[in-house]
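Residue numbers (UniProt numbering): 1 to 287.
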Amino acid sequence: MYHHHGVSILEILIGDLQEKTNNPNYDSSYLKRLEDFLENKIKKEYGNIPVVAASLLVKHNKKGSNEISKENRWYASNKEFASHFEKMLILKTKSKVYPLISIEYRNGYRILIVGEPDGLSFEGDMYNKAKIHEVKSFNLTDFIDHVKESREDILNREIFRLIKINSGQLMLYQYLLKRTQEFDLIRKTDKINLYGIIYFYSENLGYVNWAKKTIEQNFKIIKRGAIKYNVYNLSLKDIRTTNMNNKKIYYFEIDFRVYYNQKIVKYYLKNLDEIIKSSNYVDNRNL
1 MYHHHGVSIL EILIGDLQEK TNNPNYDSSY LKRLEDFLEN KIKKEYGNIP VVAASLLVKH
61 NKKGSNEISK ENRWYASNKE FASHFEKMLI LKTKSKVYPL ISIEYRNGYR ILIVGEPDGL
121 SFEGDMYNKA KIHEVKSFNL TDFIDHVKES REDILNREIF RLIKINSGQL MLYQYLLKRT
181 QEFDLIRKTD KINLYGIIYF YSENLGYVNW AKKTIEQNFK IIKRGAIKYN VYNLSLKDIR
241 TTNMNNKKIY YFEIDFRVYY NQKIVKYYLK NLDEIIKSSN YVDNRNL
């Protein structure tokens with residue numbers, strides 16, 4: 001999901017939940033339950049506490065925010081495509097979007113973390129198995145038109161960057177799901193599985209063919225390199241088409257699974273202090 005700055009306050013988050021109540025991609029009964037919990041319990045106990053987007057914990061650059069700003073500018077220019085693939089995922093997996101939360105205690109004050117996986121579904125005879133899905137999309141037209149040298153090497157680096165971000169977000173979402181379950185806001189589960197998808201797309205079939213062939217040639221290297229991000233079962237899918245605004249879009253995807261690693265989650269949670277210190281509590285409607 002898109003985050004401009006990723007830091008806000010509780011009142012703004014509550015207003016954001018109210019705006020999403022009629023969105024069919026969300027579980028409206030859960031949103032109302034969460035809104036009531038935040039308004040009548042968390043706000044009354046702790047006040048208008050700061051809110052941090054889970055994705056910011058993964059993308060936070062301790063040397064500065066240039067990397068985040070660059071990614072946000074890219075996302076803004078391709079937001080329509082990203083939203084299209086997120087909706088495709090929801091339909092394919094029969095998922096809903098659930099804002100998941102945790103209350104963290106840092107240096108004498110409370111911080112609320114919120115994260116929205118692109119899809120969350122419950123399966124099994126007793127709906128006791130959860131599947132968390134996260135999508136990343138990569139615009140091959142922008143990439144090929146702007147990168148003129150070392151294109152293959154840079155593409156490989158971009159793939160690892162997306163795998164790392166996707167993996168980190170999925171682990172944080174599992175952590176947030178467990179914390180949300182502890183608040184009795186969402187059904188308890190016996191098992192949680194994490195699924196990542198990266199879509200590569202363009203209106204230019206030649207661009208898509210080149211990227212697919214390049215990735216096929218390097219797929220063993222990609223599989224080996226992904227292990228350090230707790231990623232496994234990588235699968236490269238065939239080229240397909242989808243229509244958006246009466247235009248044919250060619251795409252293929254890399255699917256993978258992610259192992260949950262509590263040490264990595266703790267590492268990302270350490271970013272909270274620095275994020276809050278450097279924040280001016282931005283009014284952000286898109287947590």
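Quick reminder that beta carbons are idealized off the backbone N, C-alpha and C, glycines included.
Since the structure is predicted, the reported quantities are computational estimates derived from the model, not experimental observations.
Please classify residue i: is it buried, with 16 or more other beta-carbons within 10 angstroms of its beta-carbon, or exposed?
i           : result
ILE254      : buried
GLU67       : For GLU67, the predicted structure reports a pLDDT of 48, less than 50, and the residue's modelled location is therefore unreliable. A value from the coordinates is still provided. The residue is exposed, with fewer than 16 neighbouring Cβ atoms inside 10 Å.
SER278      : exposed
ILE154      : exposed
THR180      : buried
residue 289 : This structure cannot settle anything about residue 289, because the visible part of the chain is limited to 1 through 287.
TYR221      : As written in the sequence, residue 221 is Ile, which differs from the Tyr given in the question. Under this definition ILE221 is an exposed residue.
SER167      : buried
HIS84       : buried
LYS212      : buried
GLY196      : buried
SER150      : exposed
ILE159      : buried
ILE227      : exposed
SER235      : exposed
SER137      : buried
For a test of the three-state rule: what should DSSP assign to residue i, helix, strand or coil?
i      : result
ARG73  : Any reading at ARG73 must be qualified, since the residue scores a pLDDT of 47, below 50, and its modelled position is unreliable; no value is offered.
ASN78  : helix
VAL147 : coil
GLU67  : Note that GLU67 scores a pLDDT of 48, beneath 50, so its modelled location is shaky; the value from the coordinates is reported in the next line. GLU67: helix per DSSP, three-state reduction.
ASN40  : helix
THR141 : helix
ILE165 : helix
LYS213 : helix
ARG179 : helix
HIS133 : strand
ILE49  : coil
MET244 : strand
LEU112 : strand
Pick from the options: whose alpha carbon is nearest that of residue i?
i           : options                        : result
PHE252      : TYR26, ASN243, PHE200, ILE222  : PHE200
GLY47       : ILE9, VAL208, SER137, LEU34    : ILE9
residue 357 : ILE113, GLN169, SER121         : The shown model of the chain, from 1 to 287, leaves out residue 357, and the question about it has no answer.
ARG257      : LYS270, TYR229, ASP273         : TYR229
LEU205      : LYS92, ASP190, ILE239, GLU149  : ILE239
LYS164      : GLY225, SER29, ARG187, VAL52   : GLY225
ASN218      : TYR173, SER102, ARG161, GLU152 : GLU152
TYR268      : VAL52, ASP190, ASN22           : VAL52
GLU274      : LEU57, GLY15, PHE37            : LEU57
LYS191      : VAL231, VAL147, GLU123         : GLU123
HIS60       : GLU19, TYR30, VAL7, SER29      : VAL7
LYS41       : GLU11, LEU234, THR241, ASN22   : GLU11
Residue i and residue j look like a contact to me (Cβ under 8 Å); what is the Cβ gap, rounded to whole Å?
i      : j      : result
ILE111 : ALA54  : Their Cβ separation, rounded to whole angstroms, is 12 Å, which puts ILE111 and ALA54 out of contact at 8 Å.
ASN128 : PHE81  : Contact doesn't hold; Cβ gap of about 35 Å is too wide.
TYR260 : LEU194 : 7 Å
LEU176 : ILE101 : 6 Å
LYS94  : SER121 : 6 Å
THR214 : ALA130 : Actually they are not in contact, since the Cβ atoms of THR214 and ALA130 sit about 35 Å apart, beyond 8 Å.
LEU38  : LEU13  : 7 Å
For residue i, is the beta carbon positioned less than 7 Å from some heavy atom of the ligand NAP?
i      : result
LEU205 : Ligands in the displayed structure: none, and consequently the ligand NAP is not present.
Considering only residues of the same chain and omitting the five flanking positions on each side of residue i, which have a CB-CB separation below 7 Å?
i      : result
LYS247 : GLU203
GLU35  : ILE14, LEU17, GLN18
TRP210 : none
GLN174 : ILE132, ILE192, LEU194, TYR260
Is there a Cβ of chain D sitting closer than 8 Å to that of residue i, yes or no?
i      : result
LYS247 : Note that chain D does not occur in the displayed structure, where there is just one protein chain.
Can you give me the Cβ contacts of residue i inside the same chain, cut-off strictly under 8 Å, excluding the 5 residues immediately before and after it?
i      : result
VAL208 : LEU140, PHE200, TYR201, SER202, ILE239, TYR250, TYR251, PHE252
LYS87  : ASN25
LYS70  : Low confidence applies to LYS70: its pLDDT is 48, below 50, so where it sits in the model is not reliable, and the reading given next is rough at best. Around LYS70: no qualifying Cβ.
LEU272 : VAL52, LEU57, GLU104, ARG106, ILE111, ILE113
In its own chain, which residues sit with a C-beta less than 6 Å from the C-beta of residue i, not counting the 5 before and 5 after it?
i      : result
GLY119 : LEU89, ILE90, THR93, SER95, HIS133
ILE49  : LEU10, ARG110, LEU112
ILE264 : MET171
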